[in-house]
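Residue numbers (this note's numbering): 3 to 320. Built from N, CA and C at the ideal position, the CB exists for glycine as well.
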Ligand code: UDP
Ligand code: MG
């Protein structure tokens with residue numbers, strides 16, 4: 003059986019089309035399937051509509067979270083609930099077209115454990131596209147694992163990989179595409195053209211997107227921590243040399259840039275140096291804080307999502 007996990011947050015205008023296009027594509031998957039819609043605390047008509055979908059189509063199962071926990075948590079909840087031999091993750095706004103799924107499944111049946119989508123073209127603003135590009139390249143440079151460029155959450159994962167994610171990756175901060183890459187096994191990317199959102203507004207606010215980017219970097223790299231060492235060297239070595247120069251300048255009292263040491267007050271250089279160092283130290287403290295905060299959340303081990311209801315209409319069998 004195939005499980006399809008779709009996080010839904012205020013997608014009332016997309017649900018009907020989603021159902022239609024999924025049902026139309028279903029025969030091409032050539033297998034029994036379940037569709038798990040994870041309601042991530044929607045406040046529009048989506049919850050009612052999902053329930054109606056589940057009532058008329060027993061392939062649907064609705065997991066309702068107790069509030070909005072965010073996209074990555076919603077995906078994690080869905081993946082944990084899925085019972086299929088493979089799990090597909092896709093968005094609820096039809097940016098990931100259901101018509102493409104059979105290509106992913108074909109690769110999975112060929113023996114690949116993770117088939118992830120690589121976005122060739124994005125139909126988003128220039129600014130957003132550039133931000134994504136820069137982010138994935140920085141992440142690629144500094145992360146401990148090899149996270150494929152421009153790969154999103156849209157993928158098929160074999161049961162093996164899903165089990166690793168569910169049972170052996172208990173972390174609170176969930177950057178699913180990173181965890182998936184970390185899991186390893188046989189992975190392959192398939193390129194596809196990311197569609198424009200079918201209807202409704204983007205649910206990822208700038209704040210949520212920034213959080214996702216920071217999670218990607220801080221959860222999969224300790225490079226920012228090492229930055230302190232590098233910057234420390236970078237500042238300390240020239241400062242040391244400059245210090246020696248000042249002593250020699252004072253002792254020999256020769257003219258440098260037209261002034262002897264006695265004529266040079268040096269207040270400005272002191273002030274600049276102080277502020278510069280102060281800035282660098284605050285930055286490093288901020289980075290330490292970022293990791294400390296993450297450790298704090300991990301140590302508390304709070305559930306990263308809470309399920310309010312798990313609904314499936316089993317009447318008539320499945
Ligand atoms: N989503 C969610 N919780 C959130 C934000 C988004 O479950 O807090 C869902 C949303 O309904 C959609 C998917 O995550 O199915 C991707 O969100 P969106 O299309 O807004 O972002 P994009 O990835 O296109 O930038
Ligand atoms: Mg979208």
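Range of the contiguous alpha helix (DSSP H) that encloses residue i
i           : result
residue 208 : 208-221
residue 81  : 73-83
residue 144 : 128-144
Local conformation of residue i per DSSP, three classes
i           : result
residue 67  : strand
residue 14  : coil
residue 261 : strand
residue 241 : helix
residue 153 : strand
residue 42  : coil
residue 193 : strand
residue 9   : strand
residue 57  : helix
residue 22  : helix
residue 201 : coil
residue 35  : strand
residue 318 : Only weak support is given to the placement of residue 318: the predicted model assigns it a pLDDT of 47, under 50, and the value that follows is read from those uncertain coordinates. It is coil, neither helix nor strand.
residue 246 : helix
residue 321 : With the chain covering 3 to 320 only, the question about residue 321 has no answer from this structure.
residue 187 : coil
Cβ-Cβ separation, residue j to residue i (assumed contact under 8 Å), whole Å
i           : j           : result
residue 80  : residue 9   : 7 Å
residue 222 : residue 127 : Wrong, their Cβ atoms sit about 26 Å apart, outside the cutoff.
residue 192 : residue 117 : 6 Å
residue 180 : residue 218 : 6 Å
Terminal residues of the beta strand (DSSP E) in which residue i lies
i           : result
residue 112 : Segment 103-112 is the alpha helix (DSSP H) holding residue 112; no beta strand (DSSP E) there.
residue 314 : 309-314
residue 119 : 116-121
residue 90  : 88-91
Cβ-heavy atom distance, residue i to ligand 4, below 7 Å
i           : result
residue 121 : By its list of ligands, the structure shown excludes ligand 4, since it contains just ligand 1 and ligand 2.
Worksheet item: Taking three-plus beta-carbon pairs below 8 Å as touching, is the region 233-242 in contact with the region 294-303?
Response: Between the region 233-242 and the region 294-303, the count of C-beta pairs closer than 8 Å stays below three; the two stretches do not touch.
Discussion item. Assess contact between the region 60-68 and the region 42-52, defined as three or more Cβ pairs (one per stretch) separated by less than 8 Å. Is contact present?
Written reply: Yes: the two stretches touch, three or more of their Cβ pairs being nearer than 8 Å.
Worksheet item: Would you call the region 132-139 and the region 158-170 touching, i.e. three or more CB-CB distances under 8 Å?
Response: No, because fewer than three Cβ pairs between the region 132-139 and the region 158-170 fall closer than 8 Å, the two stretches do not touch.
Worksheet entry | Minimum length 4: unbroken alpha helix (DSSP H) runs contained in the region 156-184 | DSSP runs (the alpha helix (DSSP H)) wholly in the region 156-184: 161-170.
Worksheet item: Between the region 96-110 and the region 185-200, do at least 3 Cβ pairs fall closer than 8 Å?
Response: Because the criterion of three Cβ pairs below 8 Å is met, the region 96-110 and the region 185-200 touch.
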